[in-house]
Structure formats: C-alpha cells, structure tokens
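Below: one structure, written as structure tokens.
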Amino acid sequence: MALNIECKIHRRWQDAEGNPVEGSDIDIGGTLYRFRPNDKGAHVCEVTDSKHIQRFLQIPEAYQIYEGGEPTPPSAPEVPEEDTGFEVVTELVDEGPSGSPGKIPVAIEDPDGASNKALEQWAVSRGIAFKNKGHIEDYAKLHFQAGLDRRMNVYNMIRELVKLENAKG
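Using the numbering used here, you'd call the opening residue of the sequence shown number 95 and step up by one each time.
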C-alpha cells in the first residue's frame, strides 16, 4: 500500500554543501523520506511502509494524507497559559535555525527550564518524532553535525537540540 503523505511544515535550509533545499528529510527506522514541494506547493512524499504511514499520521500537527489540493498550513502550536519561564512564539518567523529562510513556529529561550510539553511542541514544529531517540539523533547529525547520547531520555535529547539551535543563532 502506498500513500502520498503531506508535511504541513514547510522548511527551507541548506545542505552540507551550502545548497538551498526546500522540504524536509525525515528518517523512520532507517528509511529516509524526502518531502519536497510538488507543482501545487505541497510538500509531499510517497510512503509505502504501513507502519511508517501510521507513524506520520500520529502527528496530525505536521502530517496528513495528501488529497491533491493546495498545501495545508501548519497548525498553530498550543500556547501554555501558565508562566513557565520560556518564550513560545506563535507567529511564524522568517529565519530558520541555520539562518536560512524558514517557518519555525516555536522558540525556546531557556531549554533547561522548559516543560516537556514545550519541548514536544518544539520538536513537532520541526518534524521530529519526539518519542523516537533514533530520529532525534538523526536530526542532530543532519542539522548540527552533532551526536547525542542515546542513554539520555527523549526530553533531555530534545533539550540538547534546542541548545544546539540556539547556539547557531
């Protein structure tokens, strides 16, 4: 069974050679899915593994079955009501983590003081399967050329990603 899955989060970034890339590269269980814009501007990838299809669809904020229409805008992140000591940005910003244009809806100023919910929002906004240590580690390698200690829990791994992104400015 094959389905076209749409990634609602549209990214622009630079590859290792500095070439501009539009789309998302997502690794699930060693399979790399490259979501790229189609002729309508939707970021789409054909997924054939039924478990991978199920995993993508478990993150409705970021993925959905592509029906062939115009791109679906990403959902706004949930904003916590209490003061948690971190900043949640609900407007889309024009600069991604690598300094390239992008659409990053959540920023965390103080990752050590951030709640687990805020870390989940941060991860989902970047297309990271936040409960998958391998995916978090792959994201660190791809975007920051850094390795993470897989003995950490997923929230501490995401904290490290936030620190790496914040350090890049």
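Every residue gets a Cβ at the ideal spot worked out from N, C-alpha and C, and that includes glycine.
Burial state of M45 (16 or more Cβ within 10 Å)
With the chain covering 95 to 263 only, the question about residue 45 has no answer from this structure.
Compare the Cα-Cα distances from D133 to each of G162, L126 and Q108 and report the closest residue.
G162
S209 - DSSP class collapsed to helix/strand/coil
coil
Through-space distance from F150 to Q158, alpha-carbon basis:
7 Å
Exposed or buried, which one is P114 when buried takes at least 16 other CB atoms within 10 Å?
exposed
The stretch 116 to 124 touching the stretch 225 to 238, judged by at least three CB pairs closer than 8 Å:
yes
Please return the same chain residues whose Cβ sits closer than 7 Å to the Cβ of W216, not counting the five positions on each side in sequence.
V200, I202, I252 and V256
Check for me: the alpha helix (DSSP H) holding F238 runs from which residue to which?
K227 to F238
Under the three-state DSSP convention, the category H104 falls into:
coil
Per-residue DSSP class, three states only, for E259:
helix
On a CA-only basis, which of F224, N260, A261 and A136 is nearest N247? Give me that one, please.
F224
Host alpha helix (DSSP H) of F224 (start-end)
Premise fails: F224 is in no alpha helix (DSSP H) and is neither H nor E.
Consider the Cβ of D232: report whether some Cβ of chain B lies at a distance smaller than 8 Å.
Note that chain B does not occur in the displayed structure, where there is just one protein chain.
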